[in-house]
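Sequential numbering of the sequence shown, starting at 14, is according to the numbering used here.
Here's the structure, in structure tokens; my notes come after.
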Amino acid sequence: LKRIIKSMWTAAGTMALSAIPAFAQKEIDLKPTGQFTELGKLEFADIVSKLIRFALIIAAVVFFFMLLIGGIKWIMSGGDKGKTEEARNQITAALVGLVIVFSAWAIAQLTKALFGIDILNLKFS
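In structure tokens, the structure reads:
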């Protein structure tokens, strides 16, 4: 058994110390700088509209999970009046938050339909 372990360590050491060819001279197709992404065309309006969209999505997800946790608290309250009231308040707050988020989205869509201003996809000329 010692002989097998010794030969395994010897083989592992030999492999670790053996030379692996480095392709340092290999040709690489390099592009001029600035050709990889569209970062040069990034505008302030794009950043703002993406942040607004991101905030709406995050807020909706947070309020949905608050609603879910409030429902679980209500189920787990076991008839305790204080815990039931706390769960009901959390559910109410989550529903109000969801209504506010979806109202903000609806207002953005309404301004797009009525005035042609797409808040969620701003473009300044």
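Beta carbons: idealized from backbone N, C-alpha and C, even for Gly.
State the CB to CB distance for the pair residue i and residue j, rounded to an integer number of angstroms; the pair is presumed to be in contact (CB under 8 Å).
i	j	result
Ile-120	Ile-65	Between Ile-65 and Ile-120 the Cβ distance is about 12 Å, and since that is not below 8 Å, they are no contact.
Glu-99	Lys-86	7 Å
To the nearest angstrom, report how far apart residue i and residue j are at their CA atoms.
i	j	result
Ser-62	Thr-27	58 Å
Ile-113	Ala-73	9 Å
Val-109	Arg-101	12 Å
Thr-105	Asp-42	59 Å
Ala-126	Lys-96	45 Å
Arg-16	Glu-40	46 Å
Gln-122	Gly-92	43 Å
Ser-31	Thr-23	12 Å
Thr-124	Lys-94	45 Å
Under a three-way DSSP split, which group does residue i fall into?
i	result
Leu-80	helix
Ser-13	It is not possible to answer for residue 13, since the shown part of the chain is limited to 14 through 138.
Lys-136	coil
Ile-130	coil
Asp-42	coil
Glu-56	coil
Ser-62	helix
Going by the CB atoms, is the gap between residue j and residue i shorter than 8 Å?
i	j	result
Gln-103	Gly-129	no
Phe-67	Leu-111	no
Leu-80	Ala-117	no
Ala-58	Leu-135	yes
Given a threshold of 16 other Cβ atoms within 10 Å of its Cβ, counted over all protein chains shown, does residue i qualify as buried or as exposed?
i	result
Ala-107	buried
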